[in-house]
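In UniProt numbering, the protein residues as written are 1 to 184.
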């Protein structure tokens, strides 16, 4: 599945669970004060970007980040459940542990969670669907999605792990995504 149009990607702003390294997965944690400020700064960095539409994960941390950008562009945010973070099952709400590194390599499936291979397939399809809407789509989602996308393409430069609320512009070519950080 090729991505035919350039697009933007923005990971949500910081949550308290990001700060304290607790496993969020699909639990609906909120932006903290830093995250709300990061969302405002990302919106400011993107104010002159030619964003045509915004497609976001419905989880609050992504939704509130997307809405901050949408306010600058007079756009409505579209939501796609398939852009949600990986479901980490029984580990959601727990501190990060050694299992997490094994999850990201596909060597570990969390109890009652989503295998990494299924997560990758889900989000790749969702991202392709969003980008197929046309050029200059902004996808607002989660760091795990960026990691999952890197299973399919080479990222240049490699921005994994993707910092919270750092807007990037992506120019997809066959097998390579050239990325440019915006405003930093």
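Here a beta-carbon is modelled for each residue, glycine too, at the ideal position from N, C-alpha and C.
Going by alpha carbons, who is nearest to residue i out of the options?
i, options, result
"residue 74", "47, 87, 59", "47"
"residue 64", "123, 119, 154, 139", "139"
"residue 13", "149, 164, 22, 56", "164"
"residue 137", "117, 39, 154, 50", "50"
"residue 152", "119, 84, 93", "119"
"residue 84", "179, 159, 144, 22", "144"
"residue 172", "35, 150, 184, 98", "150"
State yes or no: is the C-beta of residue i nearer than 7 Å to some heavy atom of the ligand PLP?
i, result
"residue 159", "Of ligands this structure carries none, so the ligand PLP is not represented either."
Look at residue i and residue j and say whether their C-beta atoms are less than 8 Å apart.
i, j, result
"residue 87", "residue 24", "no"
"residue 3", "residue 146", "no"
"residue 177", "residue 155", "yes"
"residue 80", "residue 126", "yes"
"residue 77", "residue 43", "no"
"residue 62", "residue 142", "yes"
"residue 15", "residue 31", "yes"
"residue 56", "residue 71", "no"
"residue 60", "residue 28", "yes"
"residue 122", "residue 82", "yes"
Since residue i and residue j should fall inside the 8 Å C-beta cutoff, what is the C-beta to C-beta distance between them, to a whole number of angstroms?
i, j, result
"residue 135", "residue 6", "6 Å"
Which residue spans inside the region 28 to 92 form an unbroken alpha helix (DSSP H) run of at least 4? 33 to 45, 60 to 73
Taking contact to mean at least 3 C-beta pairs separated by less than 8 Å, is the region 122 to 134 in contact with the region 101 to 112? no
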